[in-house]
Amino acid sequence: MRIIRASRVLTGRPGETITDGEVLIDGSRIVSVGPRGSAGEAAAAAEVLDLPGHTVLPGLVDAHVHLGFDDKVDPVTRRSPESDAHLLLRMAENARKLVSAGVTTARDLGARDFLDLELRDAIEEGLAVGPHIVAATRPITITGGHCWYMGGEADDEAAIRRVARENLRAGADCLKVMASGGQMTPGAPPSWVPQYGTEQLRAVVEEAASRGKGVAAHAHAHAAIRGSVEAGVTTIEHCTFFTPSGHRYDPELVELVAASGTYVCPTVHGAFHRVRKVHGQEMLDAWLAGVASMREAGVRQIAGTDAGFAVGDVANRTDGYVGGLEVFAMAGYGNAEIIELATVLAADACGVGEVAGSLDPGKRADIIAVAGNPLERLSDLRNLALVLVSGRSVGQAGVETVTSSVG
Ligand SMILES: [Zn+2]
14 MRIIRASRVL TGRPGETITD GEVLIDGSRI VSVGPRGSAG EAAAAAEVLD
64 LPGHTVLPGL VDAHVHLGFD DKVDPVTRRS PESDAHLLLR MAENARKLVS
114 AGVTTARDLG ARDFLDLELR DAIEEGLAVG PHIVAATRPI TITGGHCWYM
164 GGEADDEAAI RRVARENLRA GADCLKVMAS GGQMTPGAPP SWVPQYGTEQ
214 LRAVVEEAAS RGKGVAAHAH AHAAIRGSVE AGVTTIEHCT FFTPSGHRYD
264 PELVELVAAS GTYVCPTVHG AFHRVRKVHG QEMLDAWLAG VASMREAGVR
314 QIAGTDAGFA VGDVANRTDG YVGGLEVFAM AGYGNAEIIE LATVLAADAC
364 GVGEVAGSLD PGKRADIIAV AGNPLERLSD LRNLALVLVS GRSVGQAGVE
414 TVTSSVG
């Protein structure tokens, strides 16, 4: 048993701040959360960690990462010069960086050769250091479509169901579908072009639901966003309302997303300011205004960084998570709301809300402690004093690698 005491304990839900609080942990689970002394008799035998001036809160959740992004695949030979063995090492390094930034659960939304499952299981075994991983494996996409090189090409409904079932058979925790094109794949449809219609998206949702899993739909185009809502996906990724002439927010469609309760992960990351400089102020500000208008309409947005992708020559690294949360603040979110969308809401959207995302008895001891008070200064989330993943302490923030682990 361990007891962590701090000046503040946040459960993750807005308005639930315990001043001078304590969390009692038994192995990998939380036993109790309350004010100092609330653990009662059990505390006598527990090892005590006292953190005055600190805030204890749930480990952060990144709902959209690519720990093993590799787009160097030759379209004819369908091979990459990077071996699976090398890629898996790179993924392990990315996982270590991610957890060192306080992320204790990450949903990997696209990897090749089921390597995300290998890494997920290795972390659970204690063989590698990283967050709990919710793995989508191969994204379902049209032949030659967005991220086709990850191995999930399927054009008609039968093929879509086949790829979905193969992913689930291999052990996928959720499915990812590319409802629209994207910017990153040469020769694929651009972002504003839908790749699948509502019926095809519904086939993906049905396959996932038959195993109790959710679906993440990558959707930039208006028709792809609408189709994703109609099909009943769990989360819409990006949701940029992109058209050939830039971001065009459609209030009626935003209302539809809000009313459906579908989660939106706008993939906000720490490289925002650098991308804004390189790719133009006007376009990025129009995008940010969209995140703000979704907030005003009541859309349930969640934190996810798309880490692993390079945006042009700007690397979106796995340690930029808090920088992404600061972009939510620029879109009008208050700090308590941001902590909620980074913990409680993101965990629920990733399908792990029962076991993670808040400090509650019975849940995994996925806990961080930071010096200061992130309710007042969001940047205090960088002052990590403690990271526990299922009660296991992660303390490698001082180790630096030489090469970039971004794709
Ligand atoms: Zn992505």
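So the number in my numbering is just where the residue sits in the sequence shown, counting from 1, plus 13.
Positions of the beta carbon are idealized from the N, C-alpha and C atoms, including for glycine.
Alpha-carbon to alpha-carbon, residue j and residue i
i, j, result
"Thr-156", "Val-36", "50 Å"
"Gly-303", "Asp-87", "36 Å"
"Asp-129", "Asp-83", "13 Å"
"Glu-339", "Ser-392", "8 Å"
"Gly-408", "Gly-34", "23 Å"
"Pro-264", "Thr-24", "33 Å"
"Glu-54", "Pro-374", "16 Å"
"Thr-211", "Val-246", "10 Å"
"Ala-9", "Ser-258", "Residue 9 lies beyond the range of the chain shown here (14 to 420); nothing can be said about it."
"Leu-266", "Ala-398", "43 Å"
"Pro-202", "Gly-194", "5 Å"
"Glu-166", "Ala-172", "8 Å"
"Ser-20", "Glu-243", "46 Å"
"Thr-422", "Asn-329", "The first residue shown for the chain is 14 and the last is 420, placing residue 422 beyond what the model contains."
"Ala-316", "Ala-355", "5 Å"
"Gly-164", "His-260", "30 Å"
"Arg-42", "Thr-256", "47 Å"
"Leu-403", "Asp-121", "Here residue 403 turns out to be Ser, not Leu, going by the sequence shown. Answer to the nearest angstrom: the Cα atoms are 19 Å apart."
"Thr-280", "Lys-85", "23 Å"
"Lys-110", "Asp-169", "39 Å"
"Pro-152", "Val-368", "25 Å"
"Asp-39", "Ser-406", "13 Å"
"Asp-326", "Pro-94", "20 Å"
"Lys-226", "Thr-248", "12 Å"
"Ala-323", "Ile-238", "24 Å"
"Asp-126", "Ser-204", "25 Å"
"Tyr-276", "His-233", "15 Å"
"Tyr-262", "Arg-287", "24 Å"
"Arg-215", "Leu-80", "27 Å"
"Glu-137", "Pro-144", "9 Å"
"Tyr-209", "Trp-161", "14 Å"
"Gly-336", "Ile-17", "27 Å"
"Thr-331", "Lys-290", "20 Å"
"Leu-388", "Lys-189", "33 Å"
"Arg-26", "Val-228", "25 Å"
"Pro-199", "Met-307", "30 Å"
Collapsed DSSP secondary structure at residue i in the structure displayed
i, result
"Lys-189", "strand"
"Asp-288", "A small correction: the amino acid at residue 288 is Val; Asp does not occupy that position in the sequence shown. Val-288 falls in the helix class under three-state DSSP."
"Ser-273", "helix"
"Val-22", "strand"
"Arg-308", "helix"
"Ile-315", "coil"
"Arg-341", "Looking at the sequence itself, residue 341 is Phe, so the reference to Arg does not match. Correct three-state label for Phe-341: helix."
"Gly-47", "strand"
"Ile-380", "strand"
"His-159", "coil"
"Glu-54", "helix"
"Ala-369", "coil"
"Val-78", "strand"
"Thr-32", "strand"
"Val-335", "helix"
"Leu-128", "helix"
"Pro-65", "strand"
"Thr-356", "coil"
"Leu-181", "helix"
"Pro-264", "helix"
"Thr-211", "helix"
"Glu-166", "strand"
Presumed contact (8 Å Cβ cut-off) between residue i and residue j, rounded CB distance
i, j, result
"His-251", "His-282", "Not a contact, Cβ separation roughly 12 Å."
"His-67", "Cys-278", "In fact, because the Cβ distance is near 29 Å, the residues do not count as touching under 8 Å."
"Ala-359", "Gly-370", "7 Å"
"Val-116", "Gly-364", "At roughly 17 Å, the Cβ-Cβ gap does not stay under 8 Å, so Val-116 and Gly-364 are not in contact."
"Ala-108", "Ala-141", "6 Å"
"Asp-75", "Ala-119", "5 Å"
"Glu-268", "Ala-310", "6 Å"
"Ile-12", "Val-400", "A question about residue 12 goes unanswered here, because the residues of the chain that appear run from 14 up to 420."
"Tyr-334", "Leu-73", "6 Å"
"Leu-394", "Met-343", "Incorrect: roughly 16 Å between the Cβ atoms, too far for contact."
"Val-22", "Val-46", "6 Å"
Residues bridged to residue i (per DSSP)
i, result
"Ser-406", "Leu-401"
"Arg-109", "According to DSSP, Arg-109 bridges with nothing at all."
"Arg-15", "Ile-38, Glu-60"
"Ala-232", "His-251"
"Ala-328", "Ala-323"
"Cys-278", "Glu-250"
"Ala-119", "Asp-75, Ile-146"
Min CB distance residue i to chain C below 9 Å
i, result
"Val-116", "Within the model displayed, chain C is absent; a lone protein chain is all it includes."
beta-carbon residue i near ligand 3 non-hydrogen atom, thresh 8 Å
i, result
"Thr-356", "Ligands in the displayed structure: ligand 1; ligand 3 is not one of them."
message = Between the segment 23 to 31 and the segment 344 to 359, can you find at least three pairs of beta-carbon atoms closer than 8 Å?
response = yes
query = Are at least three pairs of beta-carbons, each pair with one atom in the segment 171 to 191 and one in the segment 219 to 237, less than 8 Å apart?
reply = yes
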